[in-house]
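Student: Under the working numbering, the first residue of the sequence shown is numbered 998, with each subsequent residue one higher. Beta carbons are placed, not taken as given, at the ideal position from N, Cα and C, and that holds for glycine.
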Amino acid sequence: MDASQAERPTLYGALRRAHLSVALIAVLTAGISLTIVGLTALRAYADHNLQLVARSISYTVEAAVVFRDQEATLASLTAISANENVADVLVLDVDGKVLADWHRTPGTSSSPVRQILGNWLTPRPVELTVTSANQPVGTVRVSGDPTAFVFFLLQGAQGLLICLLLTAVAAHYVSRRMMRDIVAPLKQLMHIAHAVRSERAFARRLPAARITELNELSADFNALLAELESWQNQLQSENSALALQATRDGLTGLLNRSTFMQSLETAIATAADEAHFSAVLYLDSDEFKSINDLHGHAAGDTVLVEIAKRLHSCVRESDAVARLGGDEFAVLIRTLRQPQDAVKVAENIISAMSAPFSISPTKTVRAGLSIGLAVFPIHARSAESLLDAADAAMYEAKRDARGTWRDATSSSADV
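1) Pick helix, strand or coil for glutamine 1337, following the three-state DSSP scheme.
2) With burial defined as no fewer than 16 other Cβ atoms inside 10 Å of the residue's Cβ, what is the status of phenylalanine 1064: buried or exposed?
3) Taking its Cβ as the centre, do 16 or more other Cβ atoms sit within 10 Å of tryptophan 1402, making it buried, or is it exposed?
4) Using 10 angstroms around the beta-carbon of histidine 1169, count the other beta-carbons present and answer buried if the total reaches 16, otherwise exposed.
5) Less than 7 Å between C-beta atoms, sequence neighbours within five positions excluded: which residues of the same chain meet that for glycine 1297?
6) Need the endpoints of the alpha helix (DSSP H) that glycine 1141 sits in, please.
7) Does the beta-carbon distance from methionine 1187 to leucine 1012 come in below 8 Å?
8) By the three-class DSSP mapping on this structure, what secondary structure does phenylalanine 1199 have?
9) So, are the CB atoms of leucine 1280 and isoleucine 1368 less than 8 Å apart?
10) Going by DSSP in three states, glutamate 1124 sits in which element: helix, strand or coil?
11) Give a yes or no on whether the C-beta atoms belonging to isoleucine 1356 and histidine 1273 are separated by under 8 Å.
12) Identify, in the order they occur along the chain, each residue of the same chain with its Cβ nearer than 6 Å to the Cβ of cysteine 1311, setting aside the five sequence neighbours on each side.
13) Leucine 1366 by DSSP, collapsed to three states: which one?
14) Work out the CA separation of lysine 1094 and glycine 1135 for me, nearest whole Å.
15) Quick check: the Cα distance between leucine 1163 and glutamine 1152, rounded to an integer number of angstroms?
16) Aspartate 1217: buried (16+ other C-beta within 10 angstroms of its C-beta) or exposed?
17) Taking all protein chains shown into account, do 16 or more other C-beta atoms lie within 10 angstroms of the C-beta of aspartate 1419, making it buried, or fewer, making it exposed?
18) My guess is that leucine 1021 and leucine 1161 are in contact by the Cβ rule of under 8 Å, so how many angstroms apart are they, rounded?
19) What first and last residue would you give for the beta strand (DSSP E) that runs through alanine 1084?
20) Going by alpha carbons, who is nearest to leucine 1309 out of Val1024, Arg1207, Arg1052, Thr1249?
21) Within 10 angstroms of its Cβ, does glycine 1141 collect 16 or more other Cβ (buried), or is it exposed?
22) Leaving out five residues before and five after serine 1053 in sequence, what residues of the same chain have Cβ atoms less than 7 Å from its Cβ?
23) Please go through the segment 1028-1101 and give each complete beta strand (DSSP E) segment of 3 or more residues, from N-terminal end onward.
24) On the premise that valine 1139 lies in contact with valine 1062, defined as a C-beta separation below 8 Å, what is that separation, rounded to the nearest angstrom?
25) How far does the beta strand (DSSP E) with leucine 1384 in it extend, from its first residue to its last?
26) Could you give the DSSP three-state label for arginine 1495: helix, strand or coil?
27) Taking the C-alpha atoms as reference points, what is the distance between threonine 1126 and alanine 1097?
28) Going by C-alpha distance, which of Ile1304, Leu1183, Met1258 is nearest arginine 1363?
29) Would you mind stating whether serine 1215 and leucine 1203 have Cβ atoms separated by less than 8 Å?
30) Have a look at alanine 1390 and glutamine 1259 and give me their C-alpha separation to the nearest angstrom.
31) Quick check on threonine 1361: does DSSP put it in helix, strand or coil?
32) If we ignore side chains and look at the alpha-carbon of each, how far apart do aspartate 1325 and alanine 1190 end up?
33) Can the beta-carbon of leucine 1366 be found less than 8 Å from the beta-carbon of serine 1282?
34) If I'm right that leucine 1252 touches valine 1318 with Cβ under 8 Å, what's the distance once you round it to whole angstroms?
35) Buried or exposed: proline 1143, going by 16 or more other Cβ atoms within 10 Å of its Cβ?
36) Does the distance from the CB of serine 1073 to the CB of valine 1091 come in under 8 Å?
Here is the structure:
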């Protein structure tokens, strides 16, 4: 992964950040809006309440102000102001002389933050004239107490923080569900696509997804994989067929001449390295031409196929049997403990061919083989020379007595 890919965000990360951002912005907007509306309403209520408190005080202290009784005025102020959101009350007589001055004792827990908020949120002071018989006798000045505002604002801030925390938790939960429902299927798609590209794993399939669009994508992708798998299987089958045609005889399924020669060269090289014997048997049918002439080519093909089966039954799995062309066959015995073991194989083949061949439900024919035998390294030291020596020995067997075997002479060896 290069640096540019490492810096790119993941889909899950992008969706989680987007969802969290939207949720937090929504909560912040709603919280701040509600706080502003609440403060505005509370401020209007406080202003109105302060007006009522001031009017109530002016009525209550009217008599005390007329007689300029300071003690009675202060007692009346205290009785009313102590139970209201009032910070300071000042009562003046008509000459402006202070008759009573009441102050609320500040709380011991008042902090600089509370004081700053209080100064910002304190309602405007109210001043009313005290009258008696419609004549002014004094003045009342009332200042509001911002404690309720500060309490409301701090409680609102706490509630907003709690909402933000709950929103973050909920966003994390929703993001995990989103990971399961959206991102997880896409990651599976990515992994399978990578496996298909790098490993040719066309048999892999995507599971069904919970979301309709992703489920349809999975179904289409699986259908594409199924089609690719079918194409791959067809291509492999065709390649296998072509490889078989290139190495096998089309009628009998035996090795063809070129493949047999490659096997023979490999066997000779191994025998030379490991110092053991190998042998080649060259076989030719004695009656094949007459079978074709009397019974037709279909009967001849049947005989060739049966000869191939009987040859396979006479050799080991490690040995090789080939059809060189027409009615000529070859057998490669890769490993011999002693040269005489090749003679046993030739005699077994002649014995296997002595049984008649069935060419129809009611007809049988006989097709013996003449066999030439050459052993490496006694009769030849190269693949071509060894096969030629076995071929020459086969023709010698045909001349002497058909349906028998002959080995190559040492004089024909390629030394």
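Tutor: From the atom records:
1) Against the sequence shown, residue 1337 aligns to sequence position 340. Here glutamine 1337 sits in helix by DSSP.
2) As a working mapping, residue 1064 is identified with position 67 in the sequence shown. Answer is exposed; the Cβ neighbour count stays below 16.
3) By 1-based counting over the sequence shown, the position of residue 1402 is 405. Buried, by the Cβ-count rule.
4) Within the sequence shown, the letter at position 172 stands for residue 1169. The residue is exposed, with fewer than 16 neighbouring Cβ atoms inside 10 Å.
5) Counting from one through the sequence shown, the residue named residue 1297 turns up at place 300. Counting only Cβ-Cβ distances below 7 Å, and skipping sequence neighbours, we find Phe1285, Ile1288, Asn1289.
6) Within the sequence shown, the letter at position 144 stands for residue 1141. It is not in any alpha helix (DSSP H) - glycine 1141 instead sits in the beta strand (DSSP E) that spans 1132-1141.
7) By one-based count along the sequence shown, residue 1187 stands at place 190. By one-based count along the sequence shown, residue 1012 stands at place 15. No; because the gap between Cβ atoms is not below 8 Å, this pair is not in contact.
8) Position 202 of the sequence shown, counted from the first residue, corresponds to residue 1199. Of the three classes helix, strand and coil, the one that applies to phenylalanine 1199 here is coil, per DSSP.
9) By 1-based counting over the sequence shown, the position of residue 1280 is 283. By 1-based counting over the sequence shown, the position of residue 1368 is 371. Result yes, Cβ atoms of leucine 1280 and isoleucine 1368 sit closer than 8 Å.
10) The residue labelled residue 1124 in the question sits at position 127 within the sequence shown. Here glutamate 1124 sits in strand by DSSP.
11) As a working mapping, residue 1356 is identified with position 359 in the sequence shown. As a working mapping, residue 1273 is identified with position 276 in the sequence shown. No. Outside cutoff.
12) On the sequence shown, residue 1311 is found 314 positions in, with the first residue counted as 1. Around cysteine 1311: Asn1345, Ile1346, Ala1349.
13) Taking the sequence shown and counting its residues from 1, the one referred to as residue 1366 is at position 369. Note: leucine 1366 maps to strand in three-state DSSP.
14) Locating residue 1135 in the sequence shown gives position 138, counting from the first residue. Locating residue 1094 in the sequence shown gives position 97, counting from the first residue. So the two alpha carbons sit approximately 9 Å from each other.
15) For the purposes of this step, residue 1163 is identified with residue 166 of the sequence shown, where counting begins at 1. For the purposes of this step, residue 1152 is identified with residue 155 of the sequence shown, where counting begins at 1. The straight-line gap from Cα to Cα measures roughly 16 Å.
16) Within the sequence shown, numbered from 1, the residue matching residue 1217 stands at position 220. Under this definition aspartate 1217 is an exposed residue.
17) Residue 1419 is absent from the model: the chain starts at 998 and stops at 1412.
18) By one-based count along the sequence shown, residue 1021 stands at place 24. By one-based count along the sequence shown, residue 1161 stands at place 164. Confirmed, about 6 Å.
19) For the purposes of this step, residue 1084 is identified with residue 87 of the sequence shown, where counting begins at 1. Run containing alanine 1084: 1083-1090, per the beta strand (DSSP E) assignment.
20) Numbered from 1 along the sequence shown, position 312 holds the residue referred to as residue 1309. Note that residue 1309 is histidine in the sequence shown, not leucine. Comparing Cα-Cα distances from histidine 1309 to each of Val1024, Arg1207, Arg1052, Thr1249, the minimum goes to Thr1249.
21) Counting from 1 along the sequence shown, the entry for residue 1141 is found at position 144. Glycine 1141 should be labelled buried.
22) One-based indexing of the sequence shown puts residue 1053 at position 56. The residues are Ile1077.
23) 1083-1090, 1095-1100
24) For this step, residue 1062 is matched to residue 65 along the sequence shown. For this step, residue 1139 is matched to residue 142 along the sequence shown. Their Cβ separation, rounded to whole angstroms, is 15 Å, which puts valine 1062 and valine 1139 out of contact at 8 Å.
25) As a working mapping, residue 1384 is identified with position 387 in the sequence shown. Not the beta strand (DSSP E): leucine 1384 falls in the alpha helix (DSSP H), residues 1380-1397.
26) Nothing in the structure corresponds to residue 1495, since the chain is present only between 998 and 1412.
27) As a working mapping, residue 1126 is identified with position 129 in the sequence shown. As a working mapping, residue 1097 is identified with position 100 in the sequence shown. Approximately 15 Å between the Cα atoms of the pair.
28) Start at 1 with the first residue of the sequence shown, and residue 1363 comes out as number 366. Closest option to arginine 1363, Cα to Cα, is Ile1304.
29) Within the sequence shown, residue 1215 is the residue found at index 218, counting from 1. Within the sequence shown, residue 1203 is the residue found at index 206, counting from 1. Against a cut-off of 8 Å, the Cβ pair of leucine 1203 and serine 1215 comes out as a contact.
30) Walking along the sequence shown from the start, residue 1390 turns up at place 393. Walking along the sequence shown from the start, residue 1259 turns up at place 262. If I take the Cα positions, the gap works out to 22 Å.
31) As a working mapping, residue 1361 is identified with position 364 in the sequence shown. Three-state result, threonine 1361: strand.
32) Against the sequence shown, residue 1325 aligns to sequence position 328. Against the sequence shown, residue 1190 aligns to sequence position 193. The question names aspartate, yet the displayed sequence has glutamate at residue 1325. Approximately 52 Å between the Cα atoms of the pair.
33) As a working mapping, residue 1366 is identified with position 369 in the sequence shown. As a working mapping, residue 1282 is identified with position 285 in the sequence shown. Yes, the pair counts as a contact, with Cβ atoms nearer than the cut-off.
34) Counting from 1 along the sequence shown, the entry for residue 1252 is found at position 255. Counting from 1 along the sequence shown, the entry for residue 1318 is found at position 321. Your pair leucine 1252 and valine 1318 checks out as a contact, with CB atoms roughly 7 Å apart and the cut at 8 Å.
35) The residue given as residue 1143 occupies position 146 in the sequence shown. That one is buried.
36) If you number the sequence shown from 1, residue 1073 lands on position 76. If you number the sequence shown from 1, residue 1091 lands on position 94. Against a cut-off of 8 Å, the Cβ pair of valine 1091 and serine 1073 comes out as no contact.
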